[in-house]
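According to mature numbering (1 follows the signal peptide of the UniProt record, and there is no 0), the sequence shown holds residues -20 to -1, 1 to 206 in order. Please read the structure below before turning to the comments.
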Amino acid sequence: MGLCIVALALLLSACGTTKVQPGYYRVQSGDTLTQIARKQGTTVSNLVRWNRLPNSNTIEVGQMLRVEPPAGQARTSKSSKSASKPTGSSRASSSAGKRRTAPPGAISLVWPAQGKVTRGYDGGGSNGIVISNSSGTPVVASASGTVAYSGSGLRGYGHLVIVKHNASFLSIYAHNRKLLVKEGQSVKQGQKIAEMGNSDSKQVGLYFELRYNGQAVDPAGNLPPR
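Printed below as a string of structure tokens:
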């Protein structure tokens, strides 16, 4: 579907649905750890340590990074030799190319639409799933929450709805024919929020994505079996 995760991260920042807490920074397109460390007056080593990053060269757009030391941890001086070890030079990527899952039972979902899953999550080229059916098929909220975005201002998503479920989870519904909810509206699980379509897409189908703490995760583990 060629969906742009970078655009999604910018959207979430713009609409204010997930405010950045003091002491944290949201990774933007093109960021490197070195650049972030310089902006925040700290070191790459600190960022790696505070965020327990397995690889100092891999960060993702939309990822939340701690830029202040946790309670009880000291800040390493910028002149520290250890700061030169991690290069932190790789720019933020929109995907790490691996399957991510949310904690089992962390959220209970219902299928957002009836139809056949024609594209699955792979953590690389596809950070969500595509459910295909006929135009006008009801699209429902996979879980209760608040509509964080409803519109067509993001190229590649078509008519898009984003529902924020809690502090950790949000779900994305793209390529709809018609939107039935407005920003700020509360929705219940199973409530109709849109009609399936092919806006900004060659084929009729719903692109559905689940995000946990800012990262796309495989929704299969939280959806009921079919």
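C-beta: ideal position from N, C-alpha, C; glycine also.
Under 8 Å between C-beta atoms of residue i and residue j
| i | j | result |
| --- | --- | --- |
| residue 145 | residue 124 | yes |
| residue 176 | residue 126 | no |
| residue 101 | residue 180 | no |
| residue 173 | residue 187 | no |
| residue 189 | residue 196 | yes |
| residue 27 | residue 47 | yes |
| residue 121 | residue 185 | no |
| residue 143 | residue 134 | no |
| residue 30 | residue 2 | no |
| residue 15 | residue 194 | no |
| residue 17 | residue 24 | yes |
| residue 112 | residue 183 | yes |
| residue 156 | residue 141 | yes |
Element boundaries [beta strand (DSSP E), containing residue i]
| i | result |
| --- | --- |
| residue 88 | Element bounds for residue 88: n/a, residue is neither H nor E. |
| residue 17 | Looking at the DSSP string, residue 17 is not in any beta strand (DSSP E); the run it does join, the alpha helix (DSSP H), is 13 to 20. |
| residue 197 | 195 to 197 |
| residue 97 | 96 to 99 |
| residue 45 | 44 to 46 |
| residue 29 | From DSSP, residue 29 is part of no beta strand (DSSP E) but of the alpha helix (DSSP H) over 24 to 31. |
| residue 80 | No beta strand (DSSP E) holds residue 80; DSSP gives it neither H nor E. |
| residue 6 | 4 to 6 |
Integer-rounded CB distance, given that residue j should sit under 8 Å from residue i
| i | j | result |
| --- | --- | --- |
| residue 161 | residue 130 | 5 Å |
| residue 99 | residue 90 | Not really, about 20 Å apart at Cβ, beyond 8 Å. |
| residue 93 | residue 119 | 5 Å |
| residue 202 | residue 82 | 6 Å |
Element boundaries [alpha helix (DSSP H), containing residue i]
| i | result |
| --- | --- |
| residue 117 | Careful: residue 117 lies outside any alpha helix (DSSP H) and carries neither H nor E. |
| residue 182 | Segment: none, residue 182 is in no alpha helix (DSSP H) and carries neither H nor E. |
| residue 174 | Segment 172 to 176 is the beta strand (DSSP E) holding residue 174; no alpha helix (DSSP H) there. |
Review point. Which residue spans inside the segment 119 to 161 form an unbroken alpha helix (DSSP H) run of at least 4?
Key: none
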